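Residues in the sequence shown are numbered from 5 upward in steps of one, following our numbering.
We treat Cβ as the ideally placed atom computed from N, Cα and C, and that holds for glycine.
All values reported here derive from a predicted model rather than from experimental measurement.
In what follows, a structure is listed as C-alpha cells, so that the remarks can point back to it.
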Amino acid sequence: MTDLALKSVTKSVPFFDYPELYASQREELMRIFDDIGRRGAFILQKDVRDFEENLERYLGVKHAIGVANCTDGLIICLKAAGLNRGDEVIISSHTFIATAAAIFNAGGIPVPVDCGADHLIDPKAVERAITPKTKFIMPTQLNGRTCDMDGLLAIASKYRLQIVEDAAQALGSKFKGRFAGTFGAAAAFSFYPAKNLGALGDAGAIVTNNSELNEKMLLLRNHGRSPSGEVVIWGLNSRLDNLQAAILNFRFKSYDKIIERRRQIAAIYDEELKSLEELTLPPGPSLNVEHFDVFQNYEIEAERRDELQSHLKAHGIGTLQQWSGWAVHQMKSLGFTHSLPFTDALFKRMLMLPLNMSIADSDVHFVCDKIKEFYR
Ligand SMILES: *Cc1c(COP(=O)(O)O)cnc(C)c1O
C-alpha cells in the first residue's frame with residue numbers, strides 16, 4: 005500500500021461495531037454471566053419475568069412475553085389472534101423478509117404494498133389491496149418511526165381487520181403520544197444485537213392488552229404447555245433466554261439515554277445535510293410533533309446512490325442498503341408477482357448512514373463532510 009492509500013483509510017466509521025457492544029460494558033456483563041451461571045438460571049427464570057415487567061411498565065401495556073426473537077414473536081401473535089390458513093395479511097414491501105416469513109409460517113399469505121414518501125406503509129395502498137380474504141394489516145414501524153396509525157386504524161375498523169404491529173425497530177417510538185406496539189391486537193419487538201435495545205444474541209418480546217390473547221401467547225411460546233405441564237395446543241419452543249433477559253434488564257436502565265443520543269446524532273445529520281438537494285432526508289427529530297422517532301436507522305434517499313456508497317466506502321465509512329437492497333415483492337424466488345413501481349424506484353435511492361452508540365459527533369461530521377465532498 006502506498007502512503008497515500010494508507011492515509012486515506014486511517015479514519016474509519018464502521019456502519020456498526022459489534023465487538024464494541026461487549027467491550028464498553030465488559031465488567032457489568034461478566035458480572036451478569038457469573039450471576040446467572042452460579043444461579044443456574046437459564047430457562048424461564050426470574051430475569052425473564054423481570055424483563056417482561058420492565059416492558060409492561062415502560063409501554064404501559066397489560067402483558068409482555070419474552071420470546072426467542074421477533075420473527076417467532078410475530079408468528080405467535082398471528083396464531084394467537086386467530087390467523088387461519090390462507091388468510092391474507094397486508095404488509096409494506098419495504099420491510100424485512102421476517103415480516104412476510106412470519107405470515108407464511110403461520111399459514112397466511114403475505115400481501116406486500118407500497119410505502120409512502122416517509123418509507124412507512126401507505127394507508128391508501130393498504131385499502132386498495134383489501135380482498136375478501138384479508139384478515140390482518142401488519143404495519144412495520146420502520147427505522148424507529150411509527151406509521152400513520154390513525155389512517156390504518158380507520159381502515160382496520162371499516163373492513164373489520166385486525167392489526168398486528170411489527171415493532172422490531174420501534175421500541176420507544178410514538179405516534180401522537182402513543183407507543184408503537186400498543187395500537188393493535190398484539191405486537192412484536194426485536195432485541196437483535198444491532199437493534200436500539202440489543203441483547204448479545206437473539207431475543208424478542210410480544211405485547212398485548214388482551215388477556216385472552218396473552219394466555220394463548222404464553223402457551224404458544226412454550227410447547228403449548230400450561231404452567232402445570234399439561235399440553236393444551238400445538239406450540240413452539242420460543243422462550244427468551246434467561247441470560248439474554250438479564251442483559252436486557254441491565255441495558256434497559258439506560259434506554260432513555262440511548263434514545264436521546266440517537267436523536268442527537270440524527271439532528272446532526274439533519275442540520276449538516278439538509279441543504280443538499282441531491283438528498284432526501286428522513287424527518288428530523290424536532291420536525292413533526294405527531295411523531296417521536298427513536299432512529300433505529302437513518303435512511304436517506306440519494307441521487308447516484310451506488311456511487312455515493314462507493315465514495316464513502318473508499319473513505320472508510322460503512323453504509324448499508326436496508327434488506328441488502330431488496331424489497332419483499334422483488335423476491336421472485338418466493339413467488340411474489342406484485343408490481344410496485346413506487347417502491348422499485350425508492351429502492352434505487354435509499355441508503356442508511358452509520359447511527360449507533362459507538363460513534364462520536366466527530367465521526368458524524370466526518371461522514372457529512374465526505375457526502376458534501378461527493379456532491380460538490
Ligand atoms: C430485525 C427485524 C425483524 C426480525 O427480528 P428478529 O428478532 O431478528 O427475529 C423483523 N422485522 C423488522 C422490521 C426488523 O427490523
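Going by DSSP, name the residue or residues bridged to residue i.
i: residue 193; result: 209
i: residue 114; result: 93
i: residue 70; result: 209
i: residue 166; result: 140
i: residue 178; result: 183 and 296
i: residue 119; result: 125
i: residue 17; result: 321
Taking the continuous alpha helix (DSSP H) assigned at residue i, which residues delimit it?
i: residue 199; result: Element bounds for residue 199: n/a, residue is neither H nor E.
i: residue 321; result: Residue 321 -> no alpha helix (DSSP H), and no H or E assigned at all.
i: residue 368; result: 365-379
i: residue 52; result: 50-63
i: residue 3; result: Outside the displayed range of the chain (5 to 380) lies residue 3, so it cannot be described from this structure.
i: residue 46; result: Premise fails: residue 46 is in no alpha helix (DSSP H) and is neither H nor E.
i: residue 215; result: 215-225
i: residue 108; result: 101-109
i: residue 347; result: 345-350
i: residue 25; result: 22-27
Among residues of its own chain, excluding the 5 on either side of residue i, which ones have a beta-carbon nearer than 7 Å to its beta-carbon?
i: residue 277; result: 283, 285, 372 and 375
i: residue 368; result: 269, 272 and 273
i: residue 52; result: 70, 244, 246 and 249
i: residue 265; result: 361
i: residue 198; result: 20
i: residue 106; result: 75, 78, 79 and 82
i: residue 352; result: 309
i: residue 135; result: 92
i: residue 378; result: 312 and 315
i: residue 220; result: 84
i: residue 217; result: 84, 85, 189 and 190
i: residue 242; result: 71, 72, 76, 80 and 225
Can you find the residues in the same chain that come closer than 6 Å, C-beta to C-beta, to residue i, ignoring five residues on each side of it along the sequence?
i: residue 181; result: none
i: residue 176; result: 263 and 298
i: residue 300; result: 147, 148, 173 and 200
i: residue 55; result: 70, 249, 252 and 253
i: residue 441; result: Here the chain comprises residues numbered 5 to 380, so residue 441 is not present and cannot be evaluated.
i: residue 340; result: 333
i: residue 235; result: 228 and 229
i: residue 294; result: 180
i: residue 18; result: 322
i: residue 16; result: 320
Do residue i and ligand 1 come close, with the Cβ less than 7 Å from some heavy atom?
i: residue 151; result: no
i: residue 170; result: yes
i: residue 325; result: no
i: residue 83; result: no
i: residue 206; result: yes
i: residue 137; result: no
i: residue 200; result: no
i: residue 196; result: yes
i: residue 74; result: yes
i: residue 268; result: no
i: residue 100; result: yes
i: residue 49; result: no
i: residue 173; result: yes
i: residue 144; result: yes
Tell me where the beta strand (DSSP E) around residue i begins and ends.
i: residue 356; result: 354-357
Which same chain residues, not among the five before or five after residue i, have their C-beta less than 8 Å away from its C-beta?
i: residue 186; result: 63, 64, 65, 211 and 213
i: residue 138; result: 91, 92, 93, 94, 115, 163 and 165
i: residue 6; result: With a pLDDT of 46 at residue 6, under the threshold of 50, the predicted position of this residue should be treated as unreliable, though the coordinate-derived value follows. Correct list: empty, nothing qualifies.
i: residue 26; result: 33 and 204
For residue i, is the beta carbon positioned less than 7 Å from some heavy atom of ligand 2?
i: residue 103; result: Among the ligands in the structure shown, ligand 2 does not appear; only ligand 1 can be found there.
Complete alpha helix (DSSP H) runs within the stretch 230-308 (minimum length 4 residues, chain order): Segments of the alpha helix (DSSP H) lying fully in the stretch 230-308: 246-256 and 259-277.
Completely contained beta strand (DSSP E) runs for the stretch 121-156, where each covers 3 or more residues: 138-141, all fully within the stretch 121-156.
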